[in-house]
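Below: one structure, written as structure tokens.
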Amino acid sequence: MDFKTALKSRTSRLSSMQAKLEKEAKASSYDDTRFWRLEAKDGVGSAIIRFLPPPPNEEDEFVKYFRHEFKGPHGWLIDNCPTSVGKDCPVCQANNDLWSQGGSENEDLARMRKRKIKYVSNILVVQDGANPANEGKVFLFQYGPKIFEFIQEKINPPAPEFDDMKPEEPVYVFDFLEGCNFRLRMRREKGYITYDKSSFDTPTQLADSDDEMESIWRSQHSLAEFKSEDYYKSFDDLKKRLDAVTMGTSKTSQNSNADDSTENDEETPKAKKTPAFVAKSNRVTPPVAEEDDELSFFEKLASE
């Protein structure tokens with residue numbers, strides 16, 4: 001490119017740089033204001049939220065992806081796992097090596113560093129006693145398999161345990177007209193966070209008028225980025241972070257020979273799967289539920 005051509009292209013530089021900086025901010029920020037989090041006091045918190053249908057021009061009520069969240073000798077690693085979009089992951093490969101080497105210490109380390117299932121949806125905050133300013137607003141909400149089990153069981157209710165019990169009617173909880181508010185209740189039991197006291201209300205219309213519901217619908221955030229490769233670090237960048245956390249260096253060590261295609265079986269042996277559900281909407285796809293590791297508050301530690 002000659003100098004005259006460079007001068008002509010300068011008019012597009014500003015918008016290009018703005019887009020680049022916006023992407024960088026999303027990738028590095030641990031305080032993304034698009035996300036809502038339940039605030040707890042002394043390990044206890046509650047709120048009422050409403051899961052929303054797909055945003056305009058999109059097909060998904062939720063996106064499922066994987067994250068690694070663990071503390072190494074030299075800091076925290078909290079990053080999205082590239083296997084979410086079918087790419088190789090250095091953390092998963094390192095865990096495969098640990099499983100191959102065997103030994104209780106290696107296996108415990110691999111379990112601690114394994115990828116964890118996450119979901120993200122749009123929600124309307126109906127009631128938030130800790131932060132009333134959030135009420136009536138649309139946010140993104142990241143949650144784990146335990147909360148997702150409530151959605152599964154409402155959309156595809158289990159068979160009655162006893163003959164004299166009436167079967168529960170399936171409810172498409174994401175629906176504007178016949179969905180349900182979700183009473184999210186968090187407490188700490190034996191040192192662990194649990195949501196077992198949460199529940200769905202009876203089906204109700206989300207708002208009084210079509211105009212109100214359309215306004216909520218148009219206020220939703222796109223979920224497409226969570227399925228994009230750009231949302232995940234490259235193999236080399238994630239490897240540098242892994243080396244920095246585990247060895248205190250950003251230098252890349254020799255690549256593992258482990259086959260990452262078998263990562264899920266090796267990293268989580270005999271993973272228990274829950275039955276798929278059938279929703280009123282064909283857009284909902286059946287996920288696999290695993291243990292719920294809600295470590296979102298560790299994100300601030302990772303940035304220190």
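Residue numbering for the sequence shown follows the working numbering, starting at 1 and increasing by one per position. Yeah, the Cβ is synthetic: ideal placement off N, Cα and C, and Gly gets one too.
DSSP places Y143 within a strand segment (E or B) once states are collapsed to three.
In this structure, the straight-line span from the alpha carbon of S228 to that of C81 is close to 12 Å. Secondary structure of S219 (DSSP, three-state): coil. Around the beta-carbon of P55, 16 or more other beta-carbon atoms lie within 10 Å, marking it buried. With contacts defined as CB atoms closer than 8 Å, M186 and Y192 fail to qualify as a contacting pair.
Secondary structure note for S104: its alpha helix (DSSP H) is the uninterrupted segment 104 to 113.
Proximity of the stretch 33 to 45 to the stretch 198 to 209 falls short of the contact definition, fewer than three beta-carbon pairs being nearer than 8 Å.
For K190, there is no enclosing beta strand (DSSP E), as DSSP marks it with neither H nor E. When rounded, the separation of the alpha-carbon atoms in L124 and E61 is 13 Å. Bridge partners of N181 according to DSSP: R50. K240: member of the alpha helix (DSSP H) spanning 235 to 247, first to last residue.
Here DSSP, grouped into helix, strand and coil, assigns K87 to coil. Rounded to the nearest angstrom, the gap between the Cα atoms of Y231 and F139 is 18 Å.
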